[in-house]
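Novice:
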Amino acid sequence: MRTKGTIEEGRFYQRMALPALVVISLFFVLPLLFTLSSAFIGPGGGFSLSPIKAVFTDPYTLRVMRFTITQAALSTLASLLVALPGAYLLSSYSFRSKSLILALSAIPFVIPSILVVLGFVIFFGNNGFLNQLLMALFSLSEPPLKILYSYKAIILAHTFYNFPIIMNLVATYAMHLDRRQEAASYTLGASKSETFFRITLPRLLPAIISSASLVFLFCFSSFAIILVLGGGPRYSTMEVEIYRQARMVGSASAAAALSLFSILVTSLLLAAYSKSQQRLVQSEAYKEPLLLERRPAHALGRILALLYALSALLFILAPIASVIVRSVYSTSGFSLKWYRQLLNLERASSHMGSALAALTNSLAIALTVSILAVALGTSLAASIERRKRGKGALEMLGMLSMTVSSVIIGLGYFLIASRLHGGASLSYALVVLAHLVIALPFTLRVMLPEYRKIPLSYTNSARTLGSTTGHAFFTIELPLLRGAMVSSAIFAFAISMGEFNATLTLSSSTIVTLPIVMYRLIGSYNYQGACALGTILIIVSALVFIATGTTKGKKHA
Amino acid sequence: MPNSGLVCSLGASYEEFTLRAEFSVQEGKLACIIGPSGCGKSTTLQLISGLLPLAEGSISLHGNDLSTVPVHHRQIAMVFQEYALFPHMNVAENIAYPMKLRHIKKADRSREIGELLSLVALEGYEKRKSDELSGGEKQRVALARALASEPQLLLLDEPLSALDAKLRKHLREEIRRIHDETGITTLYVTHDQDEALSIADSIIVMNEGKVIQCGTAEEVYHTPNSLFVATFIGEGNTLPAHLLGEGEEQRAGVIFFRPEQVSVHTANSGEYLPHLNMEGATVESCEFQGGRYRLHARWQGYPLICYANRRPQAKTINLTVRKRDILHFEEINS
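Quick note, the sequences are listed as chains A and B, same order. Residues in the first sequence are numbered from 122 upward in steps of one, following my numbering. Residues in the second sequence are numbered from 674 upward in steps of one, following my numbering.
1. Could one say the Cβ of Y770(B) lies closer than 9 Å to chain A's Cβ atoms, at least one of them?
2. Mind checking who Y966(B) pairs with in its DSSP beta bridge?
3. For the region 587-621 of chain A, list every residue whose C-beta sits within 7 Å of some C-beta in chain B, in sequence order.
4. Hey, could you find the ends of the beta strand (DSSP E) T858(B) is sitting in?
5. Distance check for K714(B) and S875(B), CA to CA, integer angstroms please.
6. Consult DSSP for C712(B) and reduce its assignment to one of helix, strand or coil.
7. Can you find a CB in chain A that lies within less than 9 Å of the CB of M674(B)?
8. For chain B, find out if any of its Cβ atoms is closer than 9 Å to the Cβ of S582(A); answer yes or no.
9. Have a look at L434(A) and A442(A) and give me their C-alpha separation to the nearest angstrom.
10. Would you list the one or two residues that DSSP bridges to T993(B)?
11. Run through chain B and tell me which residues come within less than 7 Å of S578(A), C-beta to C-beta.
12. Buried or exposed: which applies to R775(B), given that a residue is buried once 16 or more other Cβ atoms fall within 10 Å of its Cβ?
13. Taking Cβ-Cβ distances shorter than 7 Å, what residues in chain B pair up with T585(A)?
14. Check the Cβ of S682(B) against every Cβ in chain A and list those closer than 7 Å, keeping chain order.
15. Please state the DSSP three-state secondary structure of I999(B).
16. Does chain A have any CB closer than 9 Å to the CB of L912(B)?
17. If you run the structure through DSSP and keep just helix, strand and coil, what is G591(A)?
18. Quick check on the DSSP output: the beta strand (DSSP E) that includes S733(B) runs from which residue to which?
19. Using the C-alpha atoms, what's the distance from I999(B) back to A903(B)?
20. Comparing C-alpha positions only, which one of I505(A), A545(A), T590(A) and L515(A) sits nearest to T634(A)?
21. Following the continuous beta strand (DSSP E) through G888(B), name the residue where it begins and the one where it ends.
22. What three-state label does DSSP hand V878(B) in the structure shown?
23. Chain C partners of S822(B), CB-CB under 7 Å?
24. Determine the closest residue to A426(A) out of I445(A), P140(A) and S213(A), with distance taken between C-alpha atoms.
25. Output needed for S218(A): all residues of its chain with C-beta closer than 8 Å, excluding positions within five of it in sequence on either side, in chain order.
26. Which stretch, first to last residue, makes up the alpha helix (DSSP H) that contains Y307(A)?
27. With a threshold of 9 Å between beta carbons, is L844(B) in contact with chain A?
28. If we cut at 9 Å on Cβ distances, does E688(B) have a partner in chain A?
29. What does a CB cutoff of less than 8 Å around S234(A) pick up in its chain, not counting 5 residues either side in sequence?
30. For the region 865-879 of chain B against the region 718-733 of chain B, are there 3 or more C-beta pairs whose distance is under 8 Å?
31. If H771(B) and R818(B) are in contact, beta carbons under 8 Å, what's the gap, nearest whole angstrom?
32. Taking all protein chains shown into account, do 16 or more other C-beta atoms lie within 10 angstroms of the C-beta of V185(A), making it buried, or fewer, making it exposed?
33. Does the region 597-611 of chain A come into contact with the region 511-526 of chain A, if we say contact requires no fewer than three beta-carbon pairs (one atom in each stretch) closer than 8 Å?
34. By Cβ distance below 8 Å, which residues in the same chain neighbour F455(A) in space, the five residues on each side in sequence not counted?
35. Return the chain-ordered ranges of every beta strand (DSSP E) run that is complete within the region 794-838 of chain B and spans a minimum of 3 residues.
36. Specify, as a first and last residue, the run of the alpha helix (DSSP H) that M523(A) falls within.
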């Protein structure tokens, strides 16, 4: 032992990774291996390739695979068609509602999918606001739009959920492009449209591809939307099929074999996405956005722009707003009945009876998850940043659970839990752990760049002044990370509050959380009750939305 | 007292870089380490402070071996180039940080903070936030904070390099004054030769991970032990040794002399026997530098730099250097 000092430092940051490594290996890798090994267990109980063979030869599952990919492709295409004009509008012109649209387009990043489903049903459903409006306007006796429980519904819901992502990413990228290249093109004699198609569009292509592949990934592993809006096995995707095989058919090995395929595709998509991200970073220098004072030149352009802005705003906001409205207002007028039932002030029927328990459960689970996820995310970020070797590998390990859909994470827990015969407390512990595994990559994503901003000289300074590495971490680095810790805690809280896929897959009927009860209420056509619960989720999402806006862009001198 | 002060023999290897350095600093003195970038100056400080592990050798301070003592027990404070003030603490809290670690009572702390702030000429700055300070003020606070840990040795890693020239000059005088008032043994790393020559009691010249020469400022300037030291510290002229002329035996290597040792004559003023006479040199440029003129001349194809008190009136000049001012080096490459 030549130099205890440096060894001590090395050890401190090495050890910081341990809690996260334990959680990842015990509660993510292990269940996943358990799941995947089930794909190789035949009907007799021994090793067999027959489940995989069965899955890849069964015409039904082949149709499911085909459908999964087609619907994801169509949804991505539809999202692109809706999003690109908006991205053009936002990046080329300055108008009054611009910053509002740009801010609102970040909503899908924070909104839970079960809420999207509910908002969609309330707004586009047969008795939804849109149909009621159209019936009143044109005095029709029948609802003119019958899109629920169809292919169209899936595509439309995916578009609603995902087009703002493309619009947001492409517009933000376009705003930071160096516009002098376009100016150069004009001076060389190219017209406006020639310049757009030959200069601007090729430069935007990396951003378009990158955001489209992200949306494709989201649609590929979409679960709640398909489960509710697809209306049964006719429109079933991989994720829904994994859930159905495991929980309804009771064939764990078929579910596991399907998971294998799903993981393969999502890993490929993620690899493509991160590749496109790298190209994005390399391709253009980041410029401060130009001040755009132009408005569209022609009156027609101005009207089109206004129409687009209005309908985009409506498209994003209307379904969410209708959830809030419907929670207090029905055909029989204004009523707080569902909130009274939710708070147990009034006798509630069936699923509404468990609403209060669901709310307190969800709050308790989310609180636990956010505390644990921030602690693990922060210590893992510190360990990644302050080690000399293995940075990349450790970061990848921290992000690993993103490569697996939450249904598959839930499946692993379900398979293990079905052998453990534990009580309700074990089930809730599993829910917390599943949420933790899902939330960890997000908190790590928030903490890492913030940690990177802290210069090593702060710690070194503290150590030469007489502080141990550990003491320096708690007195210097942690206080500087406070903002990032708060925003990643809110993030993790919201992820847990809205988590539906893994929870539904792993849970027994005794477990109630907010999204689960919402799902059951939708299933029993109690939309107003679901809306009351949904409003609470909207409030949580809104808090996240505000928090992510305010904690961005702080740096350490 | 053979053991007082800092005595070190450092050895460490890194990718593409090996450090082998031995030197000592007398107790209470201010020593400067100077060398081109990448010569191992900063690594040397990190090894002494314990921030980097020592592969071999020893570090002894006032007779105590420190090589196995952890960083936070070495009582060696370090001031960093980028100040490293803790941004979430105000000036007083920054200075109090090492005091709290030494469990100093609150009343004593605030008194000591006041004293330290007046030492660095920042009275009344207690409540300022670090982002409200100028670069020079930040460096003074960093110095006060380092002194607050009552170090046995103070390390300064290019403390002035982020500041502008005028402030740099002022602050180096301040650092010398604070050193004289506190009497703490100090090791100061810089790449600026003016800084080193003006404030150091002794200078350690490093290159490629090795100590090339140690000595007072005058010693390294006037009697450099190698062409590297001669050309690195101050300006100078290097000529092939055979140009020293007849009468001298033909010598290999190079000769070296300083620009201020050259006398400039416009008329032929006869042979100066103990001199190197460079007749018929041409003036290529002449810069006025306030106190003197800096001439670029060329003689027999070799470029020369010399200082003159007056602007030469002719294009062709004669230059002379006393032979006793000329240094001879066998080595060719510097």
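Glycine included, C-beta positions come from ideal geometry on N, C-alpha and C. None of the values given here were measured: they were computed from a predicted structure.
Specialist: Inspection of the coordinates gives the following:
1. Closer than 9 Å to some Cβ of chain A, the Cβ of Y770(B) qualifies, so yes.
2. F961(B) and A981(B)
3. G587, S588, T589, I597, P600 and L601
4. T858 to T863
5. 15 Å
6. coil
7. Caution applies to M674(B), whose pLDDT of 44 falls short of 50 and renders its modelled position unreliable; the model cannot decide the point.
8. With its beta carbon less than 9 Å from one in chain B, S582(A) belongs to the interface.
9. 11 Å
10. S936(B) and N950(B)
11. Around S578(A), the beta-carbon contacts reaching into chain B at under 7 Å are F753, E755 and A757.
12. exposed
13. S722, V744, I749, A750 and M751
14. Within 7 Å Cβ-Cβ: nothing; S682(B) doesn't reach chain A, min ~13 Å.
15. coil
16. Judged by the 9 Å Cβ criterion, L912(B) is not in contact with chain A.
17. Three-state DSSP puts G591(A) in a helix.
18. E729 to L734
19. For A903(B) and I999(B), the distance between alpha carbons rounds to 11 Å.
20. Nearest of I505(A), A545(A), T590(A) and L515(A) to T634(A), Cα basis: A545(A).
21. First-last of the beta strand (DSSP E) with G888(B): K883 to G888.
22. strand
23. In the displayed structure, chain C is absent; the protein chains listed are A and B.
24. S213(A)
25. A430 and L434
26. That run of the alpha helix (DSSP H) goes R301 to T308.
27. No - not a single Cβ of chain A is within 9 Å of the one on L844(B).
28. no
29. Y282, S343, F344, A345, I346, G619, F621 and N622
30. Touching, no, given that fewer than three Cβ pairs across the two stretches are closer than 8 Å.
31. At residue 771(B) the sequence reads Pro, which differs from the His that was named. Confirmed, about 7 Å.
32. buried
33. no
34. V449
35. 826-830
36. Here M523(A) belongs to no alpha helix (DSSP H), and DSSP marks it neither H nor E.
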